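Residue numbers (the numbering used here), protein chains in the order written: chain A, 1300 to 1410; chain B, 30 to 145.
The C-beta atom is built at its ideal place from N, Cα and C for all residues, glycine as well.
The structure presented is a predicted model; accordingly, all values stated were derived computationally and were not measured.
So the structure is just underneath, and the comments pick up after that.
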């Protein structure tokens, strides 16, 4: 059974720092991996999607990497801002119709 | 283009009552799904659909029914609400063709359900 783990559960950093969020999964047989952002009381917003054949994807200050063989992904956020404060969720797609989510990392950027 | 919409935003039910959570998308996506989000459990798949007239069970289907009569709508029915169904429910959709854009999952804003 595919399991997704995100460490740490919470992270607090001062504004301007670069930071890395971690995601690990137990089964390397995945179609893709997706990073989401969730603001309190809101839905999920897709940030980046990495296909299983890719190593990384970039969007603005965000860079996500994927090492399928070791079951790891990282989300790198450059020059963090208070508006980046949110919960970040990692999800893998082990089958066509299913996403398996981690529990998320709650990120706080302090001004 | 509204994306994925859900109604209602909040709902309180008594044990044994039934209700339907509405979900609609205007992106002509074939794939739609329902997740519930609970503290400590993350998001879990309830039911999904690969197109109009086709539905299947996810990880936690008991107590829920779905149907898909049109591409746009995918309602979730609670037949007899129980306190264990207190949760936040998210509807999601994605496209049908093999491309990065169609693989991206889009989520609605959620319905917060409390069952007393």
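| request: Starting from residue 79 of chain B, find everything on chain A with Cβ-Cβ shorter than 9 Å and list it in chain order. | output: The residue given as residue 79 of chain B occupies position 50 in the second chain. Neighbours of residue 79 of chain B on chain A, chain order: 1395, 1396.
| request: Identify, in the order they occur along the chain, each residue of the same chain with its Cβ nearer than 7 Å to the Cβ of residue 1360 of chain A, setting aside the five sequence neighbours on each side. | output: As a working mapping, residue 1360 of chain A is identified with position 61 in the first chain. The answer, listed in chain order, is 1376, 1377, 1378.
| message | To the nearest angstrom, how far is the alpha carbon of residue 102 of chain B from that of residue 1401 of chain A? | response | Along the second chain, one-based indexing puts residue 102 of chain B at 73. Along the first chain, one-based indexing puts residue 1401 of chain A at 102. Rounded to the nearest angstrom, the two C-alpha atoms are 28 Å apart.
| Distance, residue 1307 of chain A Cα to residue 104 of chain B Cα | The residue labelled residue 104 of chain B in the question sits at position 75 within the second chain. The residue labelled residue 1307 of chain A in the question sits at position 8 within the first chain. The alpha-carbon atoms of residue 104 of chain B and residue 1307 of chain A are separated by roughly 35 Å.
| said: One question on the structure: do residue 1335 of chain A and residue 1320 of chain A come within less than 9 Å of each other, judged by their Cβ atoms? | reply: If you number the first chain from 1, residue 1335 of chain A lands on position 36. If you number the first chain from 1, residue 1320 of chain A lands on position 21. Cβ atoms of residue 1335 of chain A and residue 1320 of chain A: not closer than 9 Å.
| field | Distance between beta carbons of residue 107 of chain B and residue 47 of chain B, contact taken as under 8 Å | value | The residue given as residue 47 of chain B occupies position 18 in the second chain. The residue given as residue 107 of chain B occupies position 78 in the second chain. Yes, they are in contact, since the Cβ atoms of residue 47 of chain B and residue 107 of chain B sit about 6 Å apart, within 8 Å.
| query | Anyone know if the C-beta pair for residue 74 of chain B and residue 95 of chain B falls short of 9 Å? | reply | Against the second chain, residue 74 of chain B aligns to sequence position 45. Against the second chain, residue 95 of chain B aligns to sequence position 66. Their beta carbons are not under 9 Å apart, which means residue 74 of chain B does not touch residue 95 of chain B by this criterion.
| field | For residue 1316 of chain A and residue 42 of chain B, the rounded distance between their alpha carbons | value | What you label residue 42 of chain B is simply residue 13 of the second chain in a count that begins at 1. What you label residue 1316 of chain A is simply residue 17 of the first chain in a count that begins at 1. Spanning the two alpha carbons is a distance of roughly 45 Å.
| Cross-strand partners of residue 1355 of chain A (DSSP beta bridge) | One-based indexing of the first chain puts residue 1355 of chain A at position 56. BP columns for residue 1355 of chain A point to A/1364.
| query | Rounded C-beta distance between residue 144 of chain B and residue 49 of chain B? I'm assuming under 8 Å. | reply | Walking along the second chain from the start, residue 144 of chain B turns up at place 115. Walking along the second chain from the start, residue 49 of chain B turns up at place 20. With 8 Å as the limit, residue 144 of chain B and residue 49 of chain B do not qualify as a contact, their Cβ atoms being about 15 Å apart.
| field | Beta-carbon neighbours of residue 1372 of chain A, restricted to chain B and to distances below 8 Å | value | Numbered from its first residue, the first chain carries residue 1372 of chain A at position 73. Under the 8 Å cutoff, chain B gives no residues; its nearest Cβ is about 15 Å from residue 1372 of chain A.
| task | Give the interface partners of residue 1345 of chain A over in chain B, defined as CB-CB distance under 9 Å, in chain order. | result | Walking along the first chain from the start, residue 1345 of chain A turns up at place 46. The answer, in chain order, is 133, 134, 135, 136.
| field | Spatially closest choice to residue 1391 of chain A from A/1339, A/1350, A/1318, by CA coordinates | value | Locating residue 1391 of chain A in the first chain gives position 92, counting from the first residue. It is A/1350 whose Cα lies nearest to the Cα of residue 1391 of chain A.
| Buried versus exposed, by CB contacts within 10 Å (16 or more), residue 1425 of chain A | Past the boundaries of the shown model lies residue 1425 of chain A; chain A is included only from 1300 to 1410, so the question cannot be answered.
| field | Reference residue 111 of chain B; option with closest CA among B/81, B/71, B/83, B/142 | value | What you label residue 111 of chain B is simply residue 82 of the second chain in a count that begins at 1. It is B/142 whose Cα lies nearest to the Cα of residue 111 of chain B.
| task | Pull out every residue of the stretch 1305-1331 of chain A whose Cβ sits closer than 9 Å to any Cβ of chain B, in chain order. | result | 1330, 1331
| request: Answer yes or no: does any C-beta atom of chain B fall closer than 9 Å to that of residue 1359 of chain A? | output: Here residue 1359 of chain A corresponds to residue number 60 of the first chain, with the count starting at 1. For residue 1359 of chain A, the answer is no, since every Cβ of chain B falls outside 9 Å of its Cβ.
| task | Step through the CB atoms of chain A and report whether any lies within less than 9 Å of the CB of residue 62 of chain B. | result | Looking up residue 62 of chain B in the second chain gives position 33. So yes, residue 62 of chain B belongs to the interface.
| Cβ of residue 74 of chain B less than 9 Å from any chain A Cβ? | For this step, residue 74 of chain B is matched to residue 45 along the second chain. Interface residue, yes.
| field | Pairwise C-alpha distance: residue 40 of chain B and residue 1354 of chain A | value | Locating residue 1354 of chain A in the first chain gives position 55, where the first residue counts as 1. Locating residue 40 of chain B in the second chain gives position 11, where the first residue counts as 1. Rounded to the nearest angstrom, the two C-alpha atoms are 42 Å apart.
| said: As an exercise, report each continuous alpha helix (DSSP H) stretch of at least 4 residues that is fully enclosed by the stretch 63-141 of chain B, in chain order. | reply: 129-132
| request: Inspect the beta-carbon positions of residue 80 of chain B and residue 60 of chain B and report whether they are closer than 9 Å. | output: By 1-based counting over the second chain, the position of residue 80 of chain B is 51. By 1-based counting over the second chain, the position of residue 60 of chain B is 31. Yes. Within cutoff.
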